[in-house]
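Participant: In the working numbering, the protein residues as written are 240 to 522.
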Ligand code: PAF
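(1) For residue 276, which option in 249, 333, 389 has the closest C-alpha, if you only look at C-alpha atoms?
(2) Cβ of residue 297 within 7 Å of any heavy atom in the ligand PAF?
(3) Relative to the alpha-carbon of residue 500, which residue among 259, 481, 444 has its alpha-carbon at the smallest distance?
(4) Please classify residue 408 as buried or exposed, where buried requires at least 16 neighbouring CB atoms within 10 angstroms.
(5) Checking 8 Å against the spacing of the C-beta atoms, do residue 345 and residue 365 come in under that value?
(6) Can residue 279 and residue 263 be called in contact, C-beta distance under 8 Å?
(7) Please list, following the chain, all residues that have a C-beta closer than 6 Å to any non-hydrogen atom of the ligand PAF.
(8) When you compare the CB positions of residue 274 and residue 412, do they come within less than 8 Å of one another, or not?
(9) In whole angstroms, give me the CA-to-CA distance for residue 306 and residue 361.
(10) Assign residue 248 to one of three DSSP states: helix, strand, or coil.
(11) Starting from residue 438, trace the alpha helix (DSSP H) in both directions and tell me its first and last residue.
(12) So, using beta-carbon positions, are residue 426 and residue 371 closer together than 8 Å?
(13) Considering only C-alpha positions, which residue in the set 490, 378, 309 is nearest to residue 254?
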């Protein structure tokens with residue numbers, strides 16, 4: 240695996256590959272890799288001749304400096320995992336390589352970044368859009384791969400691609416779960432065994448809601464029960480639990496108007512913020 244820390248040598252290397260007509264798949268990450276990330280690498284390898292992964296803990300997408308400081312950093316292990324998985328190129332830039340130090344550009348996605356994650360993490364998606372735009376410009380991939388766990392992020396990047404006319408395909412790869420159902424996340428590394436057990440309440444709430452919606456129960460009734468379950472378990476705090484339209488992410492309430500929807504949840508477990516979601520079709 241070729242490793243680059245600077246933009247220009249990476250650009251020169253990729254230019255050579257493009258001249259040789261090699262298709263390029265991009266898997267952007269913030270490191271602390273797990274099997275979810277590796278499934279993105281596998282998806283890219285299946286569709287492209289060259290897979291480029293990036294590891295960069297992007298400061299502009301953290302609206303909380305403590306969260307940024309505590310974000311797990313496991314570069315040596317990550318490099319090993321990527322290399323074993325057959326990733327061809329790894330880009331690990333520094334902050335000064337990615338940001339000039341001048342005021343950062345900002346994005347506004349209208350209603351799409353004012354709900355769910357955007358409501359609780361102001362500025363988060365502007366930071367994501369900024370770094371993803373930079374990575375798309377530097378690497379110029381044919382395809383880019385993102386996990387479905389960050390569902391709203393995928394919709395934002397989709398809008399970004401449409402608005403800025405990036406010429407690439409976006410691929411959303413299904414959530415990878417532990418046998419228990421817990422969605423894999425880099426943040427799980429900050430949970431002990433008891434924390435992981437408590438974190439199952441997120442997935443259980445999604446499964447419960449999905450089953451109840453299919454029976455025709457209204458989402459506001461379901462939410463009251465889920466809030467009760469969270470209030471009864473020590474060390475957990477529900478941030479949001481929403482039923483939303485899959486494309487616009489605007490909240491839905493009436494089961495009979497739903498169609499293709501998604502249930503999304505965010506909660507703190509032992510001070511660690513986790514998210515999860517589940518697609519649902521109700522006709
Ligand atoms: O999903 C992530 O890990 C990050 O938000 C991304 C897309 C790598 C941008 O920093």
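C-beta atoms are modelled at their ideal positions from N, C-alpha and C, and glycine is treated no differently.
Keep in mind it's a predicted model, so treat the numbers as computed, not measured.
Facilitator: On the basis of the coordinates in this document:
(1) 389
(2) yes
(3) 481
(4) exposed
(5) yes
(6) no
(7) 267, 268, 269, 297, 300, 367, 370, 371, 389, 392
(8) no
(9) 14 Å
(10) helix
(11) 432-453
(12) no
(13) 378
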